[in-house]
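Protein chains in written order, with my numbering: chain A, -1 to 342; chain B, -1 to 342.
Here is the structure we will look at, set down as structure tokens.
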């Protein structure tokens, strides 16, 4: 049974008045370092255990490192941060919760699978827009912890399907503020996605499951803001991968919205073909890493003035797949703008 | 290693101007029906599979039933709801995500373990206070799904430790609005908790792990609002259980705050001793069920005018426990007030 989009319901776009992106920090794994965007990350690690005795503790340390790195880079101190918002792919989002344990700062844990990083920006922006001064938004993922939790023991060396993606290893953190003394990018709008499920059951083809959700949210955002794709310097999805990205383009075209060269998918852009990630990267780290490195630099260098970041998430669990369920998906969209004129 | 509270950091309390509780709905399992509060729930089911072929699908159906029940009882229609906010205890919070699949409504998934219901009210209140008209906040848990995910196969019939609690079965949903034509309770304040970890590793004594977090958040809330326990008709924690409740009272006493007869714990109040739940109920259903039944009725009957609801969560996973970690915990507090005079 598929749960198609019901167009009779609106998907509203909310507006933020005061949400400034002070800075971001990215910690990536060794495979990501060797990938196309390796030079952009703030820190890359030699070994994906990151000096810890388990992959899970290594992932947790990446979260803590991204959090502290973003705080330092933003020129604020730990005690300036009024809340930490985030989540990850591990059961009970333990990477985020355990990383946050070291900070005596209010914490809200989130889970919308690989859409969690953008979800954290949506919720964090609400907090600084109305109630708080500074908020840290953190998310990420780890190949070795995700693989053994969701799929197979690493030691089994299972062959990968040609439509599969590779869970990216790393964490990214963004510091949002209700004010900024210097020119910086702002989050101006958000469209919170709904659960869309076209009946896809192939967990090796999550791009196909998530593409309809990304299409639904993008079309609502464009419609609500009376804009078209050309109005943005960049439209970026989280982890649809190569095949999912093609399906996404097909779906939007059928609705009369043609994506141009300004469209990219974080997961599809992270690795070289010879790295054998097939359809590219997946995982909450994709959008968290790419946004908090190359993209934030391009925004702050005035190379991007207006963009959409669409976080995509596949909401199944191994249990639901074993019980025969299809893959419900979601996509949240935020609009990020940099207007240097505002500060002149 | 314990992560004690660092008193040099503030835990701020945020204020909501327009957050009205239209109504709530509760769906409880057969054991809960036979418990002390059985008569208060809107719907109780005969069998905890709720007519489905797996416990997980039964849990999901309870979530969907609570959601639809709360919408109907609040006198709004599905299309009036601008967002669904919630989460549950299953890996990848699949109960909430799959229940939400039937609604073409924006969705934010959350996870702070058994504190998720109060977390959903904290985030939902931000949405109606600033951006949306109506929001549904939903959470719950299920004994049979939680037991086999977190502990042991049900068929094993493992002996329970005397300090253990019983995961409550059910789901509760609250509809928040930015306006109300009739007198109703309001959420006026929230104190978002931080992760506290006193080094407890006994997963059969989660009340002990969570009590310090509840103490930390309550003291911050009282301090920020210049109030004392006697200023509230009710101070209610989610699922500390009997032992956790005693520890909570001990900890607050040592800080000079003595809890009186106006303190209750949802988990500790749900079952009769002969139901052999030992320290009482646990799980996200505890606060969701009790608040959305007896307590909301008492608020709307003017028997409670001012109360605190403190959602408590233990943030470990089976993996972190197997890897030797202690149990980080969190508690979020909301203040609920009913002032009939406001509408006169």
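Idealized CB from N, CA, C, for every residue including glycine.
Report the CB separation of residue i from residue j in whole angstroms; it is logged as a contact under 8 Å.
i: residue 158(A); j: residue 276(A); result: 6 Å
i: residue 282(A); j: residue 138(A); result: 6 Å
i: residue 290(B); j: residue 172(B); result: 6 Å
i: residue 87(A); j: residue 144(A); result: 5 Å
i: residue 19(B); j: residue 185(B); result: 7 Å
i: residue 61(A); j: residue 24(A); result: At roughly 12 Å, the Cβ-Cβ gap does not stay under 8 Å, so residue 61(A) and residue 24(A) are not in contact.
i: residue 266(A); j: residue 240(A); result: 5 Å
i: residue 108(B); j: residue 109(A); result: 7 Å
i: residue 336(A); j: residue 297(A); result: 5 Å
i: residue 206(A); j: residue 245(A); result: 6 Å
i: residue 263(B); j: residue 163(B); result: Residue 263(B) to residue 163(B), Cβ: 10 Å. No contact.
i: residue 247(A); j: residue 113(A); result: Between residue 113(A) and residue 247(A) the Cβ distance is about 19 Å, and since that is not below 8 Å, they are no contact.
i: residue 121(B); j: residue 121(A); result: 6 Å
When DSSP builds the beta bridges, which residues end up paired with residue i?
i: residue 132(B); result: 175(B)
i: residue 330(B); result: 309(B)
i: residue 13(A); result: 187(A)
i: residue 261(A); result: 233(A)
i: residue 120(A); result: Note: residue 120(A) sits in no beta bridge, so no partner.
i: residue 114(B); result: Note: residue 114(B) sits in no beta bridge, so no partner.
i: residue 170(A); result: 24(A), 137(A)
i: residue 41(B); result: 25(B)
i: residue 104(B); result: 192(A)
i: residue 317(A); result: For residue 317(A), which the question treats as bridged, DSSP gives no partner whatsoever.
i: residue 165(A); result: 280(A)
i: residue 84(B); result: 107(B), 136(B)
i: residue 304(B); result: 335(B)
i: residue 18(A); result: 175(A), 184(A)
What is the rounded straight-line gap between the Cα of residue i and the Cα of residue j?
i: residue 15(B); j: residue 174(B); result: 13 Å
i: residue 12(A); j: residue 182(A); result: 21 Å
i: residue 288(B); j: residue 69(A); result: 40 Å
i: residue 124(A); j: residue 115(B); result: 19 Å
i: residue 200(A); j: residue 324(A); result: 8 Å
i: residue 249(B); j: residue 198(B); result: 15 Å
i: residue 79(B); j: residue 85(B); result: 17 Å
i: residue 313(A); j: residue 226(B); result: 43 Å
i: residue 95(A); j: residue 71(A); result: 22 Å
i: residue 35(B); j: residue 293(B); result: 11 Å
i: residue 130(A); j: residue 338(A); result: 24 Å
i: residue 106(B); j: residue 192(A); result: 8 Å
i: residue 176(B); j: residue 136(A); result: 29 Å
i: residue 180(A); j: residue 74(A); result: 13 Å
i: residue 299(B); j: residue 261(B); result: 19 Å
i: residue 368(B); j: residue 101(B); result: Not covered by the structure: residue 368(B). The range shown for chain B is -1 to 342.
i: residue 56(A); j: residue 169(A); result: 11 Å
i: residue 303(B); j: residue 315(A); result: 42 Å
i: residue 278(B); j: residue 285(A); result: 42 Å
i: residue 142(A); j: residue 202(B); result: 29 Å
i: residue 21(A); j: residue 50(B); result: 48 Å
As a quick exercise: from the options, pick the residue whose alpha carbon is nearest that of residue i.
i: residue 305(A); options: 167(A), 190(A), 234(A), 327(A); result: 234(A)
i: residue 320(A); options: 7(B), 39(B), 52(B), 20(B); result: 52(B)
i: residue 48(A); options: 85(A), 199(A), 170(A), 28(A); result: 28(A)
i: residue 26(A); options: 280(A), 240(A), 140(A); result: 140(A)
i: residue 322(A); options: 82(B), 54(B), 266(B), 207(B); result: 54(B)
i: residue 119(B); options: 83(B), 163(B), 207(B); result: 83(B)
i: residue 117(A); options: 134(A), 261(A), 129(A), 97(A); result: 134(A)
i: residue 334(B); options: 17(B), 10(B), 33(B); result: 17(B)
i: residue 311(B); options: 301(B), 170(B), 242(B), 130(B); result: 242(B)
i: residue 38(A); options: 315(A), 73(A), 102(A), 295(A); result: 295(A)
i: residue 147(A); options: 170(A), 132(A), 90(A); result: 90(A)
i: residue 33(B); options: 179(B), 272(B), 122(B), 211(B); result: 272(B)
i: residue 229(B); options: 258(B), 246(B), 50(B); result: 258(B)
i: residue 132(A); options: 178(A), 161(A), 155(A); result: 178(A)
i: residue 99(B); options: 81(B), 111(B), 326(B); result: 81(B)
i: residue 160(B); options: 194(B), 121(B), 122(B), 204(B); result: 204(B)
i: residue 326(A); options: 21(A), 111(A), 67(A); result: 111(A)
i: residue 231(A); options: 301(A), 155(A), 31(A); result: 301(A)
i: residue 215(A); options: 280(B), 103(B), 202(B), 317(B); result: 103(B)
i: residue 318(B); options: 21(A), 31(A), 280(A), 97(A); result: 97(A)
Note to self: With a threshold of 8 Å, are at least 3 pairs of Cβ atoms found where one atom belongs to the stretch 141 to 156 of chain A and the other to the stretch 246 to 260 of chain A?
What the structure shows: no
Item checked: Cβ contact check for the stretch 216 to 230 of chain B and the stretch 32 to 45 of chain B: 3 or more pairs under 8 Å -> no
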